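J.:
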Amino acid sequence: MQDKPVALVTGANKGIGLRIAKDLAAHGLTVLVGSRELENGEAAAKSVAEDARAVRLDVTDRASIAAAAERIRSEFGRLDVLVNNAGISHAGKPGRPLEELAASNIPSVASLDEVRAVFETNVFGVIAVTQAMLPLLREAPAGRIVNLGSDSGSLTLNSDPSFPHRAVFGVAYSPSKTALHAITLAFAIELEPTGIKVNAASPGFTSTDLNNFAGTRTVEQGAREAVRLALIGAEGPTGTLSDEDGPLPW
13 MQDKPVALVT
23 GANKGIGLRI
33 AKDLAAHGLT
43 VLVGSRELEN
53 GEAAAKSVAE
63 DARAVRLDVT
73 DRASIAAAAE
83 RIRSEFGRLD
93 VLVNNAGISH
103 AGKPGRPLEE
113 LAASNIPSVA
123 SLDEVRAVFE
133 TNVFGVIAVT
143 QAMLPLLREA
153 PAGRIVNLGS
163 DSGSLTLNSD
173 PSFPHRAVFG
183 VAYSPSKTAL
193 HAITLAFAIE
203 LEPTGIKVNA
213 ASPGFTSTDL
223 NNFAGTRTVE
233 QGAREAVRLA
243 LIGAEGPTGT
253 LSDEDGPLPW
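For the sequence shown, this note's numbering begins at 13 and goes up steadily by one.
1) Between the stretch 63-73 and the stretch 45-52, are three or more C-beta pairs nearer than 8 Å?
2) For the alpha helix (DSSP H) that contains Arg236, what are its first and last residues?
3) Using only alpha-carbon positions, find the residue among Leu197, Glu111, Lys189 and Ile208 that is nearest to Leu146.
4) Counting only the same chain and skipping the five closest in sequence on each side, list residues whose C-beta sits under 7 Å from that of Glu151.
5) So, with DSSP's three-state summary, where would you put Pro147?
6) Are the Cβ atoms of Val95 and Ala242 separated by less than 8 Å?
7) So Asp35 is in the alpha helix (DSSP H); what residue range does that whole segment cover?
8) For Arg128, count neighbouring C-beta atoms within 10 Å of its own C-beta (all shown protein chains included) and say buried if the count is 16 or more, exposed if not.
9) Using a Cβ-Cβ cut-off of 8 Å (strictly less than) and excluding sequence neighbours within five positions of Asp139, which residues of its own chain qualify?
10) Flag this pair as yes or no: are the beta carbons of Arg31 and Ala235 separated by less than 8 Å?
11) Quick check: the stretch 113-121 against the stretch 167-185, are there 3 or more CB pairs under 8 Å?
12) Grouping DSSP H, G and I as helix and E and B as strand, with all else coil, what is Ser59?
13) Do you know how far the Cα of Pro205 is from the Cα of Ile28?
14) Would you be able to state if there are at least three C-beta pairs under 8 Å between the stretch 35-44 and the stretch 52-66?
15) Which residue from Ala154, Ala61 and Gly99 puts its Cα closest to that of Pro17?
16) Runs of 4 residues minimum, wholly inside the stretch 157-208: which ones carry the alpha helix (DSSP H) assignment?
17) Give the straight-line distance between the Cα atoms of Gly23 and Gly137, rounded to the nearest whole angstrom.
18) Does the distance from the C-beta atom of Thr142 to that of Phe199 stay below 8 Å?
19) Helix, strand or coil, according to DSSP, for Thr42 in the structure here?
20) Keeping to the same chain, check which residues put their C-beta closer than 8 Å to that of Val239; ignore five residues upstream and five downstream.
21) Should Gly258 be labelled buried (16 or more other beta-carbon atoms within 10 Å of its own) or exposed?
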């Protein structure tokens with residue numbers, strides 16, 4: 013077992029996940045770059061740090077999750093930080109304009125197959141990965157779990173007619189983040205006696221392929237809160253949703 017803390021970031025071969033991986037490496041952690049395609053992960057790991065390693069991890073594939081957990085156990089013996097970053101905004105054709113994505117997400121016309129696919133990655137995938145990695149997190153002196161949530165999934169904010177993004181609260185992406193927030197709280201409640209802290213970070217409207225690069229924030233900005241929560245000490249919170257400006261309502 014090595015002395016350096018070990019972090020696993022899912023979906024870390026690009027976008028916010030890659031930036032989180034780089035920032036955690038800069039803070040002295042050995043970062044495992046989770047990627048559905050190992051080649052993409054290996055290319056990304058080279059840009060993260062000398063000791064960063066690629067791990068094949070498809071959050072919708074239980075065999076791949078189990079294999080990743082076994083590899084981490086055999087090579088490191090523990091996991092200090094888990095960042096559940098992997099996510100999708102839709103399951104349709106890549107590169108669709110944001111307006112088209114919003115139109116396809118309207119409750120009365122949305123494809124149930126697409127809604128299920130989004131939830132499979134953004135919700136069930138997070139549960140599956142967290143369950144598989146928990147034995148390794150329990151081996152760490154101070155385990156941390158960070159889920160990439162979103163203010164677009166806040167029921168409180170979207171209930172306010174003045175909330176600027178309210179019109180795009182459809183039935184796939186935003187509700188999947190609402191469910192992810194609930195799962196974050198559920199794990200936090202269960203794990204509170206263990207000292208493992210579980211929080212959700214909202215990156216804001218960040219420019220990534222999830223929104224066809226229509227976002228207004230950089231990946232550097234989008235990664236900041238997740239990195240902060242991954243590095244919190246014993247006095248830090250658990251069971252929260254926040255962004256750089258502080259707590260957000262569920």
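The C-beta atom is built at its ideal place from N, Cα and C for all residues, glycine as well. No experiment lies behind these values; they were computed from the predicted model shown.
T.: The structure says:
1) yes
2) For the purposes of this step, residue 236 is identified with residue 224 of the sequence shown, where counting begins at 1. Segment Val231 to Ala242, the alpha helix (DSSP H) holding Arg236.
3) Position 134 of the sequence shown holds residue 146. The candidate whose alpha carbon is nearest that of Leu146 is Ile208.
4) As a position in the sequence shown, residue 151 is number 139, starting the count at 1. Here the set comprises Gly89 and Arg90.
5) Along the sequence shown, read from residue 1 onward, the residue named residue 147 stands at position 135. Helix at Pro147.
6) For the purposes of this step, residue 95 is taken as residue 83 along the sequence shown, with counting starting at 1. For the purposes of this step, residue 242 is taken as residue 230 along the sequence shown, with counting starting at 1. Against a cut-off of 8 Å, the Cβ pair of Ala242 and Val95 comes out as a contact.
7) Within the sequence shown, residue 35 is the residue found at index 23, counting from 1. Asp35 -> alpha helix (DSSP H) spans Gly27 to Ala38.
8) What you label residue 128 is simply residue 116 of the sequence shown in a count that begins at 1. So Arg128 counts as exposed.
9) One-based indexing of the sequence shown puts residue 139 at position 127. The question names Asp, but residue 139 is Ile in the sequence shown. So the list reads Ile195, once near-sequence residues are dropped.
10) Residue numbering aside, residue 31 sits at position 19 when the sequence shown is read from its first letter. Residue numbering aside, residue 235 sits at position 223 when the sequence shown is read from its first letter. In contact: Arg31 and Ala235 (Cβ atoms closer than 8 Å).
11) yes
12) On the sequence shown, position 47 is the one that residue 59 refers to. Looking at Ser59 - three-state DSSP - the assignment turns out to be helix.
13) Within the sequence shown, numbered from 1, the residue matching residue 28 stands at position 16. Within the sequence shown, numbered from 1, the residue matching residue 205 stands at position 193. Roughly 31 Å separates the two Cα atoms.
14) yes
15) Translated into positions along the sequence shown, residue 17 becomes position 5. The option with the nearest alpha carbon to Pro17 is Ala154.
16) 167-170 and 185-203
17) As a working note, residue 23 is residue 11 in the sequence shown. As a working note, residue 137 is residue 125 in the sequence shown. Roughly 11 Å separates the two Cα atoms.
18) Along the sequence shown, one-based indexing puts residue 142 at 130. Along the sequence shown, one-based indexing puts residue 199 at 187. Closer than 8 Å, so yes.
19) As a working mapping, residue 42 is identified with position 30 in the sequence shown. DSSP places Thr42 in strand when its eight states are reduced to three.
20) Position 227 of the sequence shown, counted from the first residue, corresponds to residue 239. Counting only Cβ-Cβ distances below 8 Å, and skipping sequence neighbours, we find Ile32, Asp35, Leu36 and His39.
21) Within the sequence shown, residue 258 is the residue found at index 246, counting from 1. Exposed, because fewer than 16 other Cβ atoms sit within 10 Å of the Cβ of Gly258.
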